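**Student:** The structure follows.
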Amino acid sequence: MTSPSAFIKKLINTTCVERYDFSLEEWQVSLIWSFIVSIFCIGGLLGSLMAGPLTSKFGRKRCLLLNNFVAIAGALLMILSQTAVSFEMIMVARFLYGINSGVGLSAQTMYLIECAPKRLRGMVGVSVATFLSLGRFSGQLLGIRELLGTEKDWPWLLGFNGFAALFQLFTLPFLPESPRFLLLERGDSQASAKAFERLWGKNDYSRELDDMMKEKASLHSIPNQSVLELFQSRSLRWQLFTILIAFSSLQLSGINAVYFYSFEVLSAAGIPHDKLAYAALGTGLCELVTSTTCFIIIESMGKKVLLYRGYIAMSVTLGLLTITVYFQKSVSWLPYCSLVLVFFFIFFFAIGPAATTAPLPGEILPQSFKSAGYTLGCTINWMGLFALGMLFPTMVENLESFCFLIFLVFCLVCGLYVAFNVPETKNRTVLEITAEFERMHCKDETSQKKKPEQDLSGIKSCSTKF
């Protein structure tokens, strides 16, 4: 939305002049523009709340297929908005895009994790972040003046999402439904076996089936649980804390603040204002290359290491960036240091939190709680994005570069929490990960006489006190 912002603001004023015969003041145009930007988060929040029930009712694959129609509808509204001289169409389109993103992020991550073999689960989970980075970089690239960043073509830039939805609509039907969904939620072992064969070929996947059958036995035919029941589950308390902290910190890590200040840093480094869009492509390319690198190394290093080290490195970078941005106007060479730190921060974010947070609910929660976990995580993510979008301008106005210190605290807290309270998930089943959570947090009480209660997940509950 950054590239065509001037054209959209012009359309807002033109709509009011042609329809109501009056011109808006600058602050009124800015207010409407802010609402257009923010309504995407509202749609995303609604979509994330819908994702759990939809994926449970229709399945992961069918939910993704139906979700494409929402994106196509939004794309059509975007493309026609300039011709119809209607900024309201852009509002509705942004809302639909938000719903599409909210549902798609949960359903797609769930589908990919459940279709992947255990040895490749981390790599497949990271692919979500990799393609998000690819989408962001593609948007930046298409938004330059030589492509679609012109007054004539900007509706096609904002409607480009529809082409991606059409591509998935025609290709996804050739792929099977999630084998885990078919076996653990539909109880169809034959369909699950066929899905395994289509995905993995005619290989021996008996070990994966055995692990799934053990998980199914532990569930005792428990149906999908709600977010409220996830909060009430004592045995999954630390998994719940992990989701709350990880997804909250994802938006409160300061990545949007760094992107915001990257333009100021680039300007201070001597890059002309009309060339900033081209220079900003470097930030998107950095995130894309880093996500691709993480895609390669995650199975050898593990998610826990990448996550907590990423946050610790980000907190150090934010501290240094606060100093360099504050003094860059008085020291001629500091803008270049700030520029290097911006790229380092994006590198640490892409290789750590961005790559490893989204798959977390699918790896640490039993099957009956997965949908609730993804719904909760994505809801927190969208709420954080909306709150940050509303509060960040005020923070920058009052704190300037010192706003980085607020994000530093969140990065540090999340990094330390993951380091000491979350087990490694690499090459482990959900039952093994759950047992490791219990080992880390449930202390044996020699005086305990009563047996631990059985929770809804079929896993022993721990009586950890807080």
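Residue numbers for the sequence shown follow our numbering, beginning at 163 and rising by one.
The beta carbon of each residue, even a glycine, is placed where N, CA and C say it ideally should be.
All values derive from a computational prediction rather than experimental measurement.
1. Report the option in Arg283, Leu282, Val288 whose CA atom is closest to the CA atom of Pro515.
2. Could you round the C-beta distance between Pro338 and Leu361 to whole angstroms and report it? I think they count as a contact, below 8 Å.
3. What did DSSP end up calling Pro341 once you bin it into helix, strand or coil?
4. Is it the case that the Cβ atoms of Cys565 and Ala408 are separated by a distance below 9 Å?
5. Below 8 Å, can you find three or more Cβ-Cβ pairs linking the region 491-500 to the region 346-358?
6. Excluding sequence positions up to five away, which residues of its chain have a Cβ less than 6 Å from the Cβ of Gln244?
7. Using the beta-carbon count (16 or more within 10 Å), is Lys612 buried or exposed?
8. Between the alpha carbons of Lys219 and Gln270, how many angstroms are there, rounded?
9. With the cut-off set at 9 Å, would you say Ala419 and Phe569 are in Cβ contact?
10. Could you name each continuous alpha helix (DSSP H) segment of 4 residues or more that falls completely within the region 392-450, going from the start of the chain to the end?
11. Can you list, in chain order, the residues of its chain with a C-beta nearer than 7 Å to that of Leu447? Leave out the 5 residues immediately preceding and following it.
12. Are any of the Cβ atoms in chain C nearer than 9 Å to that of Val487?
13. Throw me the rounded Cβ distance for the Met253 and Ile174 pair, which I believe falls under 8 Å.
14. For Ser453 versus Ala520, is the C-beta spacing smaller than 9 Å?
15. Measure the Cβ-Cβ separation of Arg222 and Met272 and say whether it is below 9 Å.
16. Measure the C-alpha to C-alpha separation of Arg471 and Phe393 and round it to an integer number of angstroms.
17. Given this structure, state the Cα-to-Cα distance separating Asp606 from Ala597, to the nearest angstrom.
18. Hey, Glu347 and Gln529 are a contact pair by Cβ (cut 8 Å); roughly how many whole angstroms apart?
19. With DSSP as the reference, label Lys588 as helix, strand or coil.
20. Since Ser500 and Leu483 should fall inside the 8 Å C-beta cutoff, what is the C-beta to C-beta distance between them, to a whole number of angstroms?
21. Does Thr176 come out as helix, strand or coil in the three-state DSSP assignment?
22. Whole angstroms are fine: how far does the CA of Thr176 sit from the CA of Asp315?
**Tutor:** So, from the listed chains and residues:
1. Val288
2. 6 Å
3. helix
4. No. Outside cutoff.
5. Fewer than three pairs of CB atoms, one per stretch, sit closer than 8 Å, so the region 491-500 makes no contact with the region 346-358.
6. Pro317
7. Residue placement at Lys612 cannot be trusted, given a pLDDT of 43 that sits under 50; what the coordinates show is reported in the next sentence. With fewer than 16 other Cβ atoms within 10 Å, it is exposed.
8. 15 Å
9. yes
10. 399-413, 417-430
11. Phe299
12. Absence of chain C from the displayed structure is noted, only one protein chain being present.
13. In fact, because the Cβ distance is near 10 Å, the residues do not count as touching under 8 Å.
14. no
15. yes
16. When rounded, the distance between both Cα atoms is 28 Å.
17. Reliability fails at Asp606, whose pLDDT of 41 lies under 50, so the model's placement of it is uncertain and the value that follows must be treated cautiously. Near 14 Å, if we compare the C-alpha coordinates of Ala597 and Asp606.
18. 7 Å
19. coil
20. 6 Å
21. When secondary structure is reduced to three states using DSSP, Thr176 falls in the helix class.
22. Distance between the alpha carbons of Asp315 and Thr176: 17 Å.
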